[in-house]
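S.K.: Here the protein sequences line up with chains A and B, keeping their order. Each residue of the first sequence is one higher than the one before, counting from 1 in my numbering. Each residue of the second sequence is one higher than the one before, counting from 118 in my numbering. Glycine included, every Cβ here is placed at the ideal spot set by N, Cα and C.
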Amino acid sequence: SAVISQKPSRDICQRGTSLTIQCQVDSQVTMMFWYRQQPGQSLTLIATANQGSEATYESGFVIDKFPISRPNLTFSTLTVSNMSPEDSSIYLCSVEGTFRGLNTEAFFGQGTRLTVV
Amino acid sequence: KQEVTQIPAALSVPEGENLVLNCSFTDSAIYNLQWFRQDPGKGLTSLLLIQSSQREQTSGRLNASLDKSSGRSTLYIAASQPGDSATYLCAVSTNSGYALNFGKGTSLLVTP
Chain A
1 SAVISQKPSR
11 DICQRGTSLT
21 IQCQVDSQVT
31 MMFWYRQQPG
41 QSLTLIATAN
51 QGSEATYESG
61 FVIDKFPISR
71 PNLTFSTLTV
81 SNMSPEDSSI
91 YLCSVEGTFR
101 GLNTEAFFGQ
111 GTRLTVV
Chain B
118 KQEVTQIPAA
128 LSVPEGENLV
138 LNCSFTDSAI
148 YNLQWFRQDP
158 GKGLTSLLLI
168 QSSQREQTSG
178 RLNASLDKSS
188 GRSTLYIAAS
198 QPGDSATYLC
208 AVSTNSGYAL
218 NFGKGTSLLV
228 TP
């Protein structure tokens, strides 16, 4: 299993500002995933973050709005830039565990509940 | 693009009932399927993982089945308890190391 620590757990931010969310994993992982969960909705993938390369963004998400860093195999950050109320969501990071060299179940951090006012 | 659908969207049952949550997916070429629980405003807790070669997994009062050919999975909860109240999410992975595609979830309320 993997233990993921995500910070902050929640924040209330002013529109136009930026927030950086941190995700720390207790083991080395190749890929980390960032998801967004808008109120009343399910999870939508924002981007996949590989160590040592640029993050891969899903349709509808761009690097200028959601820059991601992946400095090593246990850590990643997601920044929500120039925030508006529409960015109010829960943001979650996720990794896959491995067992005998195979990727297994996905593990999630506790999420960051962001409210933009 | 993989589409995941969960039925029902919401369910309310009295304590002690057995219940079934349904999940369907459009592309049967999956790597694995995972059921999660999410409490309000919180992250996701993994409940059960079913690899594509498996047909079911059990953990305590939970049993998940997978019929890959028909694109369906069910989560069976036996003897439900108020503490089971949460949103249950189904997600599929189409390849190893790929992100998950989620359904919209089933919001479960178990009343005392």
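Grouping DSSP H, G and I as helix and E and B as strand, with all else coil, what is D87 (chain A)?
M.R.: helix
S.K.: Look at Q28 (chain A) and T79 (chain A) and say whether their C-beta atoms are less than 7 Å apart.
M.R.: no
S.K.: Could you pull the start and end residues of the beta strand (DSSP E) that A47 (chain A) belongs to?
M.R.: 43-50
S.K.: What are the residues that DSSP puts in a beta bridge with Y148 (chain B)?
M.R.: Per DSSP, none; premise fails for Y148 (chain B).
S.K.: Can you tell me which of the three DSSP states D184 (chain B) falls into?
M.R.: Here DSSP, grouped into helix, strand and coil, assigns D184 (chain B) to strand.
S.K.: Thinking just about the alpha-carbon of each residue, which of B:A181, B:L225, B:F219, B:Q155 is nearest to the one in K118 (chain B)?
M.R.: B:F219
S.K.: What does the Cβ neighbour count give for V62 (chain A), buried or exposed, with the cut at 16 atoms within 10 Å?
M.R.: Burial call: exposed.
S.K.: May I ask you to report which of helix, strand or coil DSSP gives P71 (chain A)?
M.R.: strand
S.K.: On the three-state DSSP scale, how would you describe D26 (chain A)?
M.R.: coil
S.K.: For L138 (chain B), which residues of its own chain have a beta-carbon under 6 Å away from its beta-carbon, when the five flanking residues on both sides are left out?
M.R.: L192, Y205, T223
S.K.: Quickly, what does DSSP pair Q174 (chain B) with across the bridge? List them, please.
M.R.: B:A181
S.K.: Give me the chain B residues within the contact set of T104 (chain A), using Cβ-Cβ distance strictly less than 7 Å, ordered along the chain.
M.R.: L166
S.K.: Considering Cα atoms alone, identify which of B:A146, B:L150, B:R154 is closest to T162 (chain B).
M.R.: B:R154
S.K.: Is it right to say L226 (chain B) is buried, meaning 16 or more other beta carbons lie within 10 angstroms of its own, or is it exposed?
M.R.: exposed
S.K.: Thinking C-alpha only, which one of B:L179, B:S210, B:E173 is nearest A196 (chain B)?
M.R.: Checked all of B:L179, B:S210, B:E173; the closest Cα to A196 (chain B) is B:L179.
S.K.: Name the chain B residues whose beta carbon is nearer than 7 Å to that of G111 (chain A)?
M.R.: K159, G160
S.K.: Thinking C-alpha only, which one of A:T115, A:S1, A:L92 is nearest A49 (chain A)?
M.R.: Minimum Cα-Cα distance from A49 (chain A) among the listed residues A:T115, A:S1, A:L92 corresponds to A:L92.
S.K.: Run down chain A in chain order and give the residues with a C-beta less than 7 Å from the C-beta of G177 (chain B).
M.R.: Result: empty, since nearest Cβ-Cβ is about 16 Å, beyond 7 Å.
S.K.: Put G200 (chain B) into one of helix, strand or coil per three-state DSSP.
M.R.: helix
S.K.: Per DSSP, D11 (chain A) is paired with what?
M.R.: Looking at the DSSP assignment, D11 (chain A) forms a beta bridge with A:L114.
S.K.: Pop quiz: T104 (chain A) and G97 (chain A) are said to be a contact at Cβ under 8 Å. What is the actual Cβ separation, rounded to whole angstroms?
M.R.: 5 Å
S.K.: Tell whether a beta-carbon distance below 7 Å holds between S76 (chain A) and R36 (chain A).
M.R.: no
S.K.: Give me, in chain order, the residues of the same chain whose beta-carbon lies closer than 7 Å to that of I12 (chain A); leave out the 5 immediate sequence neighbours on both sides.
M.R.: T115, V117
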